[in-house]
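Okay, so the sequence shown: first residue is 1 according to this note's numbering, each after it adds one. C-beta atoms are modelled at their ideal positions from N, C-alpha and C, and glycine is treated no differently. Here's the structure we're looking at; comments come further down.
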Amino acid sequence: MSNRRALLRLLSVFVLVLSTLSVPAIAVDDVPTPDIVGGGEATPGAYPFMAAIVHADTTDAWLGQFCGGSLVHPEWVMTAAHCVEGESASDIDVVLGRHDLKSSAGERIRASAIETHPQYNPTTFENDVALIKLTSASSQSPVTLANSANRSLWGPGKIATVMGWGQTESTPAFPEELYEVQVPIISDNDCLGTDVGNDLVANVMLCAGNITSGGVDACDGDSGGPLVVPNGLGGWIEAGIVSWGFGCADPNRPGVYTQVSAIEGFVTDIISSVPPPPTNTAPVAVNDSYSVESGGTLIVGKDTNVLANDTDVDGDSLTAILVSGTSTGTLKLTSGGNIRYTHGGGPETSVSFTYKANDGTVDSNIATVTITIGAGGGGGGGQEMLVSTSPDRSDPVSLDGATVDGFIYVFLAVSTDVTDTTWYVDGVRVGRDRTTPFDMAGTNADGTAKPYNATRLDGNHEFSVDIVMADGSTETVIATVTAP
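Structure representation (structure tokens):
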């Protein structure tokens, strides 16, 4: 008994080179056994589920192909267990949608996992099936699997088709194109009476071929490939997986296949146990309204900013993206959703801007933020943030958009009593301390402020502080610094 794992195309190339040299003739027994025997080239595109299992480190798929397989789910390919015995997923690529292995058509997808039937027996080839998980979904159409319900379509006497890229004659001649051959399915009783009968495990295997005259068969190189029958609707049902045999296409020695109906439960369990890829629902942005005194500055922190009432059913973190700014005044909308708006003192009674929320992949609807002018204070409370390149505050830089290359120091200047502060850098909480005017989260022994970031800036940074006042009210101060 021998399995039908493919020989590398390199072997056939080597044999052809030897045939041109003055060397002793190669014995017949040394010639690789033929593959698809008695058939011909398949119609391109006839079997979209057909897969070539290839070595990942071999760029040429024709040279690297060593087994066949079939797409049974957009992310799963079924093959023979003996094909992947001793292999790791990272060593395997799967080629789909390609008739000519020398071409670049179709897809070549890396494997991410291999699931072998838990009852696979490498000695008897019982349950000779494995599933290869693809790193990305294939665009090809999967094949339907045989089961007890469609038994009438793949029973004894039905004509099946087996296919592969193996040898087509007794001398090394691996075709670049997919070949096929038709073989009749044989009853268990008839198969038990052949040369393979003593090794046949009828409840998990099936036989196909011409018992009387031979001449048609699969062989080395076709392992893992599908044995299919028409489904009556223009499609195909996979009844068997190329597994083992004695010789190839010999009389009284039919090919033996893994019976798909017997292992369908294994396939279904593995595929259904893997959760479907997550869906990403777009976030929902809600309109907001704020107010500021004429000529004043509105500062809105994270607790009440534009993202505070936006939602994402997937629980993704949201960022704010400005769509259109205000018609007057100066607006700063941070990615964290905080607002800093200074009114220009004009006669308008309101201004507005629009934004959308993004969950890292998908944008929300566009929401409108309305700022009413002259309808009450808008926060700020006289609080100021000072950013300096010097720990003694001697080199202040602009609060918004300043370009700094190196360490910076961030200070909070307050005009009234502050009982508590919570500091954030880029929306991430970095400290919470009681503070006094011009203190930050802490000071050095000599009274100079500690640098708020411990490394040199490497991009845009947003600093914000939630300030708790003596009367219990909360205000927020925001500043951004840009590093080259």
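Assigned exposure category for residue i - 16 Cβ within 10 Å defines buried
| i | result |
| --- | --- |
| Ser261 | buried |
| Leu298 | buried |
| Gln182 | exposed |
| Arg432 | Note that Arg432 scores a pLDDT of 47, beneath 50, so its modelled location is shaky; the value from the coordinates is reported in the next line. It counts as exposed. |
| Val313 | exposed |
| Pro254 | buried |
| Gln259 | buried |
| Gln65 | buried |
| Gln119 | exposed |
| Ile159 | exposed |
| Ala46 | exposed |
| His117 | buried |
| Ala320 | buried |
| Ala367 | buried |
| Gly221 | buried |
DSSP beta-bridge partners of residue i
| i | result |
| --- | --- |
| Gly301 | Answer is none; Gly301 lacks a bridge partner. |
| Gln182 | Thr161 |
| Trp154 | DSSP lists no partner for Trp154. |
| Glu177 | Asp100 |
| His73 | Trp76 |
| Gly40 | Glu180 |
| His55 | Ile92 |
| Thr135 | None; Thr135 has no bridge partner. |
| Thr319 | Asn358 |
| Ala367 | Tyr355 |
| Asp491 | The structure shown does not extend to residue 491, since the chain spans only 1 to 484, so no value can be given for it. |
| Ser324 | Thr354 |
| Ile339 | Val300 and Leu333 |
Reference residue i, options the options, closest by Cα
| i | options | result |
| --- | --- | --- |
| Ile371 | Glu293, Cys207 and Glu41 | Glu293 |
| Ser213 | Ala285, Thr194 and Asn203 | Thr194 |
| Glu180 | Gly336, Ser187, Val129 and Val229 | Val229 |
| Asp310 | Val351, Thr268 and Val369 | Val369 |
| Gly155 | Leu233, Cys248 and Leu227 | Leu227 |
| Tyr355 | Glu348, Ile373 and Gly336 | Gly336 |
| Asn338 | Asn305, Thr116, Val256 and Asn127 | Asn305 |
| Met163 | Thr342, Asp303, Ser327 and Glu41 | Glu41 |
| Arg98 | Asp57, Tyr257, Trp62 and Ile114 | Trp62 |
| Glu115 | Asp128, Asn210, Asn252 and Ile185 | Asp128 |
| Met78 | Asp359, Val323, Ala52 and Val204 | Ala52 |
| Gly301 | His117, Glu348, Lys332 and Tyr120 | Lys332 |
| Tyr290 | Asn252, Thr342 and Asp250 | Thr342 |
| Asn210 | Ser187, Gly225 and Asn203 | Ser187 |
| Val204 | Ala137, Leu178, Asp222 and Thr124 | Thr124 |
| Asp91 | Glu75, Ile132, Ser273 and Leu101 | Ile132 |
| Thr58 | Arg110, Gly245 and Ala149 | Arg110 |
| Asp316 | Thr349, Asn358, Ala218 and Phe266 | Asn358 |
| Asn287 | Ala308, Gly295, Ala160 and Asn231 | Ala308 |
| Leu233 | Ile373, Ile366 and Leu153 | Leu153 |
| Ser141 | Asp60, His73 and Asp220 | His73 |
| Lys102 | Gly325, Gly329, Glu177 and Glu126 | Glu177 |
| Ala137 | Arg340, Ala56 and Glu75 | Glu75 |
| Ile373 | Val323, Gly360, Gly325 and Gly295 | Gly295 |
| Ala218 | Asp303, Glu126, Thr161 and Glu348 | Thr161 |
| Cys191 | Asn150, Pro251, Ser139 and Thr135 | Pro251 |
Other residues of its chain near residue i: CB distance less than 6 Å, five sequence neighbours each side excluded
| i | result |
| --- | --- |
| Val143 | Phe49, Ser70, Trp236 and Glu238 |
| Val362 | Asn280 and Ala282 |
| Glu264 | Leu145 and Asn147 |
| Leu206 | Gly240, Tyr257 and Gln259 |
| Arg108 | Asp93 and Val95 |
| Asn121 | none |
| Gly344 | Thr328 and Gly329 |
| Gly245 | Gly255 and Val256 |
| Leu322 | Leu333 and Tyr355 |
Boundaries (first-last residue) of the alpha helix (DSSP H) holding residue i
| i | result |
| --- | --- |
| Val274 | It is not in any alpha helix (DSSP H) - Val274 carries neither H nor E in the DSSP assignment. |
| Ala81 | Ala81 to Val84 |
| Ala189 | This sequence places Asn at residue 189; Ala is not what is there. Asn189 -> alpha helix (DSSP H) spans Asp188 to Leu192. |
Short CB-CB distance (under 7 Å) between residue i and chain D
| i | result |
| --- | --- |
| Asp60 | The chain labelled as chain D is not found in the depicted structure, where only one protein chain is given. |
Cut-off 7 Å between Cβ atoms - residues of its own chain near residue i, not counting five sequence neighbours on either side
| i | result |
| --- | --- |
| Ser327 | Val351 |
| Gly224 | Ile53, Cys67, Gly68, Gly69, Thr79, Ala80, Cys83, Ile241 and Val242 |
| Asn231 | Thr144, Leu153 and Ile237 |
| Ser22 | Model confidence at Ser22 stands at a pLDDT of 34, short of 50, so the residue's coordinates are unreliable and nothing is read from them. |
| Gly325 | Leu331 and Phe353 |
Cβ-based neighbour list, residue i, same chain, cut-off 8 Å, excluding 5 preceding and 5 following
| i | result |
| --- | --- |
| Val216 | Val37, Gly38, Gly39, Val181, Gln182, Val183, Gly209, Asn210 and Ala249 |
| Ala113 | Ala89, Ile132 and Lys133 |
Bounding residues of the beta strand (DSSP E) (the contiguous stretch that carries residue i)
| i | result |
| --- | --- |
| Leu331 | Thr330 to Leu333 |
| Leu63 | Here Leu63 belongs to no beta strand (DSSP E); instead the alpha helix (DSSP H) covers Ala61 to Gly64. |
| Phe49 | Segment: none, Phe49 is in no beta strand (DSSP E) and carries neither H nor E. |
| Cys207 | Met205 to Ala208 |
| Thr354 | Ser350 to Asn358 |
| Ile211 | From DSSP, Ile211 is part of no beta strand (DSSP E); its letter is neither H nor E. |
| Tyr290 | Asp288 to Val292 |
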